Each structure stands twice: as structure tokens, then as C-alpha cells.
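Residue numbers (mature numbering (1 follows the signal peptide of the UniProt record, and there is no 0)): -19 to -1, 1 to 264.
Glycine included, C-beta positions come from ideal geometry on N, C-alpha and C.
Remember, it's a predicted structure, so these values are computed and weren't measured experimentally.
Written below as C-alpha cells is the structure these notes are about.
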Amino acid sequence: MTSTRAALAALLTCSTSLALMGAAPAPYPPSSKGERWPQGTVRTVGKLVAKLPGHQAESCSGAIIDSPSGSVVATAAHCISSPERPVKPVAMYFQPAYRGKDADKSGRRGGTGDAPKAVIAHGWKVESWKTAPGWDTHKDLESVLPNDWAFLRMEKRNGRTIQQVYGANKLKTEPVPGGTTATLGYPASSPYDGETLNYCAGKAHRYRGGEIPAANVGALSLTPCRLTQGVSGGPWLRGFDKKRGAGTLVAVTSVGSENELLGRPYPKSARGLLKEFGAKHER
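Okay, here's the thing in C-alpha cells:
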């Protein structure tokens, strides 16, 4: 996850009696600046780990989205490679509903810190990926940042797709106006440790020309939001259904600062790419 402004060149939430009287139900999820997700985990949201050359690893977040094959996860393009780290992963793994064994209730300082190893050992393997057509790691970051989105194609397990096992979120492409939104992910930098699902929720603002550098015009913003590196690629959801553990995905986390997070909506062209990339598995 990267900074929104100065560091653009750096990669980086009623009682029964009241209800009977006609009061509106409390919104879900409740507003948040970076607290732990109320239900602990979400079936369709998970931790993504890229295994890099030299025994290195990087962590991001992602979400399963509805596709013809049932095998697609949405994330940010810079979670795969970027102008700052053009080397592509040796392998990538995704674990839906990940939760560290020793993570405390606050989602901060309490996990083992072994999340990358655990996801690599037990996560679903990424078979292939597709970054936005305009994402070019040979160009400067600001020129490609509007294309910071990607799709991952997941393996099957025991003949079943990841969507069959966990469910999926619906994808909504641009135009995406501002509105009540929740963004989820696995922050791994202090004060978090990458072991728990945390979120920010509130009324998102959509940046227009003149409000922010051109690279982030059209992005959604949540502030205050104190999530840290590791939430990149995490979903921005609306209409979340607690029972299904899914909603409508309107963006993925791209960049951020100490008190703000930006989400990159998918353009209309992404729907055609999803249909092609997420085509049904050959028998």
C-alpha cells in the first residue's frame, strides 16, 4: 500500500423495542477507523501471499468474485509486481477467512507473525493472473496507478472451485459514486501483525479532478482510516450480507497514508476481461 500524495512514488471500517416502533436497523458493519472485523473473518475475503525469489515473501489481501469458472480473486496489480518491485512472484497463495491462531480480540499485537508461512502452506495456489492492460512495471508509478487492479485464477481442490467452497462477491464496475463503504484487509505493519482481518467503514468520497494528483482522480477515499501495509488489494464492499459473508465489490485498496485509504474502482472494460479470464474450466 502506498502513500496518497507525497509518497505516490512509494508502494504501499437497536434494541428490539425500538425496532418494533419502526426504527431503522443499525448499519452493518458499524463505522470503523481500523478495528477488527466484528465477526472475526469473512468467508470471501482472505490473505494473499506472494512468494518471491531469494526466500522472500510479501503479503496483500483479496476477495473472491463471481465468475463463470468460480475461480477468480480480485486484488491490486501492485501485489503481483510494480515499478518499484518489477520481479514477478515465484508463486502466490490465497487463504479465505484467514485467522492467526494466537491473534487477540483487538486484531493488534498478539499473533504469531507466521501468517505468510501459514498461507503458503495451506492456502489455495494461484494458477495464473491478469493485471489491468495499462499496468506496466517499466513505466513510472504515477502514470500506471489508475490501473492498479488485477484478477487471480485459483486452483481447484478436490474438484471444487474456491467459489463453490466459500461463495463470492459481485463485481460492480465504474461509475462508482461515493457512498457508505467498508474496506477489509490484513494489515501487517505496526500496530498490526497480519494475523487478523481489520476494516474501515464510513461514507467514502470519490476524488474528482483538482482535489488530488491526477494519478488518483476517480479513486474512492475513506478517512479516518488507519490500516497499514498488507491491506493492499483488499475489497471495498457495499451491501454486505452477514449470512453469506459477501457483498458488492466496488474497488480494491491501492494506496494510503497514515489516516486515509484509497480504493481503485474497476473500469467497465474489466467486466469483459473477467469474463474471458474467468471462463469455465475445461473438462
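Go ahead and pull the three-state DSSP assignment for residue 122.
Here residue 122 refers to the residue found at position 141 of the sequence shown. Look at residue 122 here: in three-state DSSP terms it is helix.
Host beta strand (DSSP E) of residue 250 (start-end)
Indexing the sequence shown from 1 puts residue 250 at position 269. Segment 250 to 258 is the alpha helix (DSSP H) holding residue 250; no beta strand (DSSP E) there.
Decide if residue 76 is buried, meaning its Cβ has at least 16 other Cβ atoms within 10 Å, or exposed.
On the sequence shown, residue 76 is found 95 positions in, with the first residue counted as 1. By the 16-neighbour rule on beta-carbons within 10 angstroms, residue 76 is buried.
If the criterion is Cβ atoms closer than 8 Å, does the pair residue 55 and residue 233 meet it?
Stepping through the sequence shown from its first residue, residue 55 is reached at position 74. Stepping through the sequence shown from its first residue, residue 233 is reached at position 252. Taking 8 Å as the cut-off, the beta carbon of residue 55 is found closer than this to the beta carbon of residue 233.
State the Cα-Cα distance for the pair residue 260 and residue 49, rounded to the nearest angstrom.
As a first step, residue 260 is located in the sequence shown; it is residue number 279 there, counting from the start. As a first step, residue 49 is located in the sequence shown; it is residue number 68 there, counting from the start. Cα-Cα distance, rounded: 5 Å.
Can you list, in chain order, the stretches of the beta strand (DSSP E) that have 3 or more residues and sit fully within the stretch 28 to 115?
Taking only runs of at least 3 residues, the beta strand (DSSP E) segments lying wholly in the stretch 28 to 115 are 37 to 46, 53 to 56, 72 to 77 and 105 to 112.
With burial defined as no fewer than 16 other Cβ atoms inside 10 Å of the residue's Cβ, what is the status of residue 147: buried or exposed?
Within the sequence shown, numbered from 1, the residue matching residue 147 stands at position 166. Buried, since its Cβ has 16 or more Cβ neighbours within 10 Å.
Residue 147, enclosing alpha helix (DSSP H) - first and last residue:
Your numbering for residue 147 matches position 166 in the sequence shown. Note, residue 147: alpha helix (DSSP H), 143 to 147.
Look at the alpha carbon of residue 70 and the alpha carbon of residue 37, and state the distance between them as a whole number of angstroms.
On the sequence shown, residue 70 is found 89 positions in, with the first residue counted as 1. On the sequence shown, residue 37 is found 56 positions in, with the first residue counted as 1. Taking the straight line from one Cα to the other gives about 10 Å.
Taking buried to mean at least 16 other C-beta atoms within 10 Å of its own C-beta, is residue 26 buried or exposed?
As a first step, residue 26 must be located in the sequence shown, where it is residue number 45. So residue 26 counts as buried.
May I have a chain-ordered list of the alpha helix (DSSP H) segments no shorter than 4 residues that lie completely inside the stretch 166 to 238?
Runs of the alpha helix (DSSP H) spanning 4 or more residues and lying entirely within the stretch 166 to 238 do not occur at all.
Could you give the C-beta distance for residue 40 and residue 185, rounded to a whole number, given that I count them as a contact under 8 Å?
Taking the sequence shown and counting its residues from 1, one reaches residue 40 at position 59. Taking the sequence shown and counting its residues from 1, one reaches residue 185 at position 204. Under the criterion of beta carbons closer than 8 Å, residue 40 and residue 185 do not qualify as touching, at roughly 24 Å.
Throw me the rounded Cβ distance for the residue 204 and residue 151 pair, which I believe falls under 8 Å.
Reading the sequence shown from its first residue, position 223 is the one you call residue 204. Reading the sequence shown from its first residue, position 170 is the one you call residue 151. Actually they do not touch by this definition, with Cβ atoms about 26 Å apart.
Limits of the unbroken beta strand (DSSP E) element including residue 244:
For the purposes of this step, residue 244 is taken as residue 263 along the sequence shown, with counting starting at 1. 242 to 245 is the span of the beta strand (DSSP E), which, as asked, contains residue 244.
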